[in-house]
Amino acid sequence: MARAIWPKVPSRFVSAMLAGHSALGLAFAALIYIVCLSGTVLVVAHEIDRWENPDAPIIHSVDTDTLVRALDVGMDKAEQAGTHGYVNVTTPADGHPNLSVRIADFQTGLDETFVLNGEGDLMGPRRDGFGHFMEHLHFYLHLPHTIGLFVVGLIGVALLSSVWSGVFSHPRIFRDAFRFRRGGTKRLEEADLHNRLSVWGLPFHIVVPLTGAILGLSTFVLGILAMAAFDGDLERAAEVVGGPGVPHDEAVMAVPDVAPMIESLKADHPDGRLARLAIREFGTAGQTIQIDLAKASDLTITDRYIFDGNGTYLGSRGFSDGSLGNQVIGALGPLHFGWFSKGWVAGVVKGIYLVLGFALTVITSSGVAIWIARRRDKGKPVPGWEKAWIALVWGQPVGYGAVALVALAGLPVPHLGLYLVLCAAAFLPGLFVSALTLSRALRIVSAAVILGVVIAHIARYGVLPADAMALVINLSLLATSLLLLASVQPILQTFRPATKPGIGAEQPAE
Amino acid sequence: MVGTIAGLGAVLAGLGSLRLAWARSDGLRPWLILGGWFLLAAAILVFALVIGGETGIPVAILLVSIAGLGLVLSNREVRPRKEARRREEVIDPSDRRSRWWRGVLRVLLAGPLSGLAAILVGVALAKQLPLADVDAIAIGGLAVPLLWAGGMAWTLSDDKILRALAVLVLVSGVSFVLAFLV
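Just so you know, the sequences run in chain order C and B. The first sequence begins at -3 in the numbering used here and counts up by one. The second sequence begins at 16 in the numbering used here and counts up by one.
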């Protein structure tokens, strides 16, 4: 085997780093796991949105007249709902091949999205029950937004801290780079899995928590930095970071014709595709028109071009061609979720983000498994904690699946309540059965619930709905369900050909 | 398409070279390591040229990660299950004296104090860097979670807890002066 090329690290230093790594990992393990798993699901948020609306008309491009009509339709709906706060038209250049319009009032909490056809006519509400639940779980842990965002940002800091201490407590980082042992002692097996996934995904494991921490702490940290840099002038700070705005003014003013704004931007940016068209505080002197252009060569994906109520161009956020700082701020979201590039490259990026995101959840889980194995090896087993961890890990897919099922069926069941009840229920069997039985039972229940989701989706929309993405997602869910079942040894053995005694007798650990 | 294939080839060749180096200990090993890293750097350059710098570099790095994991999986060794021996080939976390005040102090150091020090450094950078406002704010903003995470990792790991406290207080003080008094 190869000699080490890395300088010898004193074992006392490694022990100290491991103690910190272990303490931090255990303290935040549950929250890190929930945030990582929900974030991994959200890598395919656009695809989930399509899966929830597989009968929405498929549209590949939208002309200016249709956009203007869609905006008018949105403003009509907003007025009917008693608000002029925010109307946003989303086009096929924004991640899914549909046209939709969202109306929102950030004071009252009103937030509805509607599907439009290729002519800009209203088709009906856009369903987002499961996607919305997952977004709020990942962004806010379903806490009040300001607090939730801050807590998730803190989890990002804790995860990043675990990455630092993990790297420094790994003296054989190169020596073991390609070693992957299964079997042997439980602790070494889990350590190999933990370390290999960690080391090879290291750039991802740094970038994702870092961008997540900044996004989560943005209100707090950027607010403080901007206040310090601009001596408390928050409006100036918001303008520098978020682009120009118009002061709030409720005096009545006609809505401007947005078509010339769109045409002028298209002429100035022939490589950009219009992704979103929004208007804020429409019909007032404080109204602003925001047009987001998507450019595939930019990591920031879209830049926002802002006009006032007279149609005067005020400027952009600078995400596409602004200074480095603007571009870095604009790249945080796409880098965090893997939403960048176009065509097959974008698909490859999402696929790798899915694998590495799932790897991060496995790393979290195996970290706890290492601690449990270490305690057992030292003669201080922690069977209660082992069962609790199993319940938390395998309770998540049960909870997600049940929420998806209820959202799909349109049942009037509160999603958060259902999720919390199922997560709590996953702990109960642990009082009566062994850790292995609990793990197997929860994997089987997860597989059944996910299978139920697929059956419910097919029952409602058919095998081949208008959007083929639904079929892709259903097949992926089916594969996930089968993999979960196959991970249960007694079930796997039922379908395995019989082996001679002594051959293949070694079973991998569950 | 040719560029993409060349980039993918460079990723696989680079990782293959590192894999070969890992498995041998003869005189060729340093050259294989050097060649491996050179090919991976070349792959990043190729993807930057083919797709564009902003998206090509992250795409290349992602490909290296996923291909590396693939190589690791292909190198899987299955061994008989066994119980742990008393003397394992691993280093244990250090055993610390469990006094409540040390635990409380460690949590305070890792959370609020490391956070405060990181924010003060971020504010000092945002105010003192000779850059455009938004650039200075972006650098300061990026520095905060990186430093906070670093501070958290260090204060939780350092067996000499009072040393960690002293350094954090010193960093906070210097940053405060640079941010608000200079």
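Each residue gets a CB set at the ideal place from its N, CA and C atoms; glycine is no exception.
If I follow the unbroken alpha helix (DSSP H) through C/P121, where does it start and stop?
Counted from its first residue, the first sequence places residue 121 of chain C at position 125. From DSSP, C/P121 is part of no alpha helix (DSSP H) but of the beta strand (DSSP E) over 118 to 121.
Would you call the stretch 162 to 175 of chain B in contact with the stretch 148 to 163 of chain C, where contact means no fewer than 3 C-beta pairs closer than 8 Å?
A contact between stretches requires three or more CB pairs, one per stretch, nearer than 8 Å, and the stretch 162 to 175 of chain B meets this requirement with the stretch 148 to 163 of chain C.
Answer yes if the stretch 24 to 37 of chain C comes into contact with the stretch 78 to 91 of chain C, meaning at least three C-beta pairs across the two stretches below 8 Å, and no otherwise.
Short answer: they don't touch.
Taking only beta-carbon positions, decide if C/G179 is within less than 8 Å of chain B.
Position 183 of the first sequence holds residue 179 of chain C. At a cut-off of 8 Å between C-beta atoms, C/G179 counts as an interface residue with respect to chain B.
Taking Cβ positions only, does B/P95 come closer than 8 Å to chain C?
Locating residue 95 of chain B in the second sequence gives position 80, where the first residue counts as 1. Judged by the 8 Å Cβ criterion, B/P95 is in contact with chain C.
For the putative contact between B/A12 and B/A36, defined by C-beta atoms under 8 Å, what is the C-beta separation to the nearest angstrom?
There is simply no residue 12 of chain B to check, as chain B begins at 16 and stops at 197 in what is shown.
Please classify C/N470: does DSSP put it in a helix, a strand, or coil?
Along the first sequence, read from residue 1 onward, the residue named residue 470 of chain C stands at position 474. It is helical.
Closer than 8 Å at the beta carbon, the chain B residues around C/A224:
The sequence position of residue 224 of chain C within the first sequence is 228, counting from 1. Correct list: V138, A141, K142, A194, F195.
Return the chain-ordered list of same chain residues with a C-beta closer than 7 Å to the C-beta of B/A21, the five sequence neighbours on each side being excluded.
The residue labelled residue 21 of chain B in the question sits at position 6 within the second sequence. The answer, listed in chain order, is V61.
May I ask you to report which of helix, strand or coil DSSP gives C/Q529?
Look at the range of chain C in this structure, -3 to 506, and you will see that residue 529 of chain C is not part of it.
Buried versus exposed call for C/K496 [16 or more other C-beta atoms within 10 Å across all chains shown]
The residue labelled residue 496 of chain C in the question sits at position 500 within the first sequence. With a pLDDT of only 49 at C/K496, under the threshold of 50, the placement of this residue in the model should not be trusted; the figure read from the coordinates follows. By the 10 Å Cβ count, C/K496 comes out exposed.
Using the Cβ count rule (16 or more neighbours within 10 Å means buried), how would you classify B/R117?
Your numbering for residue 117 of chain B matches position 102 in the second sequence. In this structure B/R117 is exposed. Its beta-carbon is surrounded by fewer than 16 other beta-carbon atoms within 10 angstroms.
Could you tell me whether the stretch 86 to 103 of chain C touches the stretch 41 to 54 of chain C, using the rule of 3 or more Cβ pairs below 8 Å?
Judged by Cβ distances under 8 Å, the stretch 86 to 103 of chain C makes contact with the stretch 41 to 54 of chain C, as three or more pairs qualify.
C/V64: which of C/Q286, C/E43, C/V40 sits nearest, CA to CA?
Numbered from 1 along the first sequence, position 68 holds the residue referred to as residue 64 of chain C. Comparing Cα-Cα distances from C/V64 to each of C/Q286, C/E43, C/V40, the minimum goes to C/Q286.
Judging by CA-CA distance, which residue of C/I220, C/F174, C/G180 is the nearest neighbour of B/A194?
In the second sequence, counting from the first residue as 1, residue 194 of chain B sits at position 179. Among C/I220, C/F174, C/G180, the Cα nearest to that of B/A194 is on C/I220.
With contact counted as at least three CB pairs below 8 Å, one residue from each stretch, are the stretch 129 to 136 of chain B and the stretch 151 to 161 of chain B in contact?
Touching, yes, given that three or more Cβ pairs across the two stretches are closer than 8 Å.
Apply the 10 Å Cβ neighbour rule to C/K383 and answer buried if 16 or more other Cβ atoms are within range, or exposed otherwise.
Taking the first residue of the first sequence as position 1, residue 383 of chain C is located at position 387. Classified as buried, C/K383 has 16 or more neighbouring CB atoms from the shown chains inside 10 Å of its CB.
My output table needs one value for C/G507: the three-state DSSP class, helix, strand or coil.
Residue 507 of chain C falls outside the range modelled here, since chain C spans only -3 to 506, and no answer is possible.
Tell me whether C/R8 is buried or exposed, calling it buried when 16 or more other Cβ atoms sit within 10 Å of its Cβ.
Taking the first residue of the first sequence as position 1, residue 8 of chain C is located at position 12. With fewer than 16 Cβ atoms within 10 Å of its Cβ, C/R8 is classed as exposed.
Less than 8 Å between the beta carbons of B/L140 and B/A147, yes or no?
What you label residue 140 of chain B is simply residue 125 of the second sequence in a count that begins at 1. What you label residue 147 of chain B is simply residue 132 of the second sequence in a count that begins at 1. The Cβ atoms of B/L140 and B/A147 lie no closer than 8 Å to each other.
Going along chain B, which residues have a C-beta under 7 Å from C/V10?
The sequence position of residue 10 of chain C within the first sequence is 14, counting from 1. Neighbourhood of C/V10 in chain B, by CB distance below 7 Å: I106, in chain order.
Per DSSP, what are the beta-bridge partners of C/Y301 in this structure?
Position 305 of the first sequence, counted from the start, is the residue given in the question as residue 301 of chain C. According to DSSP, C/Y301 shares a beta bridge with C/I287, C/S312.
Within the stretch 315 to 347 of chain C, ranges of the alpha helix (DSSP H) (whole runs, at least 4 residues):
For the stretch 315 to 347 of chain C, whole alpha helix (DSSP H) runs of length 4 or above, ordered along the chain, are 320 to 333.
Please state whether DSSP places C/E186 in a helix, a strand or coil.
By 1-based counting over the first sequence, the position of residue 186 of chain C is 190. Correct three-state label for C/E186: helix.
In whole angstroms, what is the alpha-carbon distance linking C/I202 and C/P266?
Position 206 of the first sequence, counting from 1, holds the residue named residue 202 of chain C. Position 270 of the first sequence, counting from 1, holds the residue named residue 266 of chain C. Those two C-alpha atoms are separated by around 35 Å.
In whole angstroms, what separates the C-alpha of C/A290 from that of C/D299?
On the first sequence, position 294 is the one that residue 290 of chain C refers to. On the first sequence, position 303 is the one that residue 299 of chain C refers to. Between C/A290 and C/D299, the C-alpha separation is close to 7 Å.
Nearest-angstrom Cα distance between C/E246 and C/T280?
The residue given as residue 246 of chain C occupies position 250 in the first sequence. The residue given as residue 280 of chain C occupies position 284 in the first sequence. When the Cα atoms are used, C/E246 and C/T280 turn out to be separated by approximately 5 Å.
Which whole-angstrom value is the C-beta distance of C/K346 and C/G329, which I expect to be below 8 Å?
Along the first sequence, read from residue 1 onward, the residue named residue 346 of chain C stands at position 350. Along the first sequence, read from residue 1 onward, the residue named residue 329 of chain C stands at position 333. Contact flag wrong, Cβ pair sits at about 14 Å.
Using a Cβ-Cβ cut-off of 8 Å, state whether C/F294 counts as contacting chain B.
Translated into positions along the first sequence, residue 294 of chain C becomes position 298. The sequence given here places Asp at residue 294 of chain C; Phe does not occur at that position. Answer yes: the Cβ-Cβ gap between C/D294 and chain B drops below 8 Å somewhere.
Buried/exposed call for C/G16, threshold 16 Cβ in 10 Å
Against the first sequence, residue 16 of chain C aligns to sequence position 20. By the neighbour-count rule (16 or more Cβ atoms within 10 Å), C/G16 is buried.
Contacts of B/G156 in chain C (Cβ-Cβ under 7 Å):
Translated into positions along the second sequence, residue 156 of chain B becomes position 141. Chain-ordered, the chain C residues with CB closer than 7 Å to the CB of B/G156 read I210, V217, L218, L221.
Tell me the DSSP secondary structure of C/F200 in three-state form.
Reading the first sequence from its first residue, position 204 is the one you call residue 200 of chain C. DSSP places C/F200 in helix when its eight states are reduced to three.
Chain B contact residues for C/A482, given Cβ-Cβ distances below 9 Å:
Working through the first sequence from its first residue, we reach residue 482 of chain C at position 486. Under the 9 Å cutoff, chain B gives no residues; its nearest Cβ is about 17 Å from C/A482.
Could you tell me whether the Cβ atoms of C/S337 and C/A292 are closer together than 8 Å?
Locating residue 337 of chain C in the first sequence gives position 341, counting from the first residue. Locating residue 292 of chain C in the first sequence gives position 296, counting from the first residue. Yes, the pair counts as a contact, with Cβ atoms nearer than the cut-off.
Got a sec? Which residues, its chain only, sit under 8 Å from C/L67 by beta carbon, not counting five neighbours each side?
Taking the first residue of the first sequence as position 1, residue 67 of chain C is located at position 71. Cβ within range, chain order: V83, V85, V97, V254, L273, I275.
Alpha carbons only, please: which of C/I99, C/H56, C/H138 is nearest the one belonging to C/L34?
Residue numbering aside, residue 34 of chain C sits at position 38 when the first sequence is read from its first letter. In the sequence as displayed, the identity of residue 34 of chain C is Ser instead of Leu. For the set C/I99, C/H56, C/H138, the Cα lying nearest the Cα of C/S34 is the one of C/H138.
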